[in-house]
């Protein structure tokens, strides 16, 4: 029997003729910190809206350290990802969608 957690998605499978709209970039830190190590940044989380799914938002983790600053809501950018992979993971009895990517690319108009 195929389990939900065994199914992996690429970016074209979840877009449904839509686009990724970059909503926010958030620094991502190691979850386990000690007084000796402090907060160690391990990457960046891109919050994107899927236009083909009524602006449903997902988070995509990138190992790259991308400078993060506030966005103007009037200047939301379209983005693509290299090496995008999404999957479902069980947490607290719920199936949560998790996504990772190697790189984020801004689409200029």
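Numbering (our numbering), first residue to last: 27 to 135.
Glycine is no exception: its CB is placed at the ideal position from the N, C-alpha and C atoms.
Exercise. Which of the three DSSP states, helix, strand or coil, is assigned to residue 37?
Worked result: helix
Problem set entry | Per-residue DSSP class, three states only, for residue 66 | coil
Exercise. Just the Cα atoms here: how many angstroms apart are residue 95 and residue 27?
Worked result: 45 Å
Problem set entry | Helix, strand or coil at residue 101 according to DSSP, with G and I counted as helix | helix
Problem set entry | Proximal residues to residue 131 (C-beta, below 8 Å), its chain only, five neighbours per side dropped | 105, 106, 107, 108
Exercise. So which of 44, 92, 121, 126 has the shortest CA-CA distance to residue 77?
Worked result: 44
Exercise. Going by alpha carbons, who is nearest to residue 90 out of 127, 75, 119?
Worked result: 127
Exercise. Under a Cβ-count criterion, where at least 16 other Cβ atoms within 10 Å of its own Cβ denotes burial, should residue 70 be classed as buried or exposed?
Worked result: buried
Problem set entry | Simplified DSSP state of residue 112, which is helix, strand or coil | strand
Exercise. So, is residue 110 buried or exposed, given that buried needs 16 or more other C-beta atoms within 10 angstroms?
Worked result: buried
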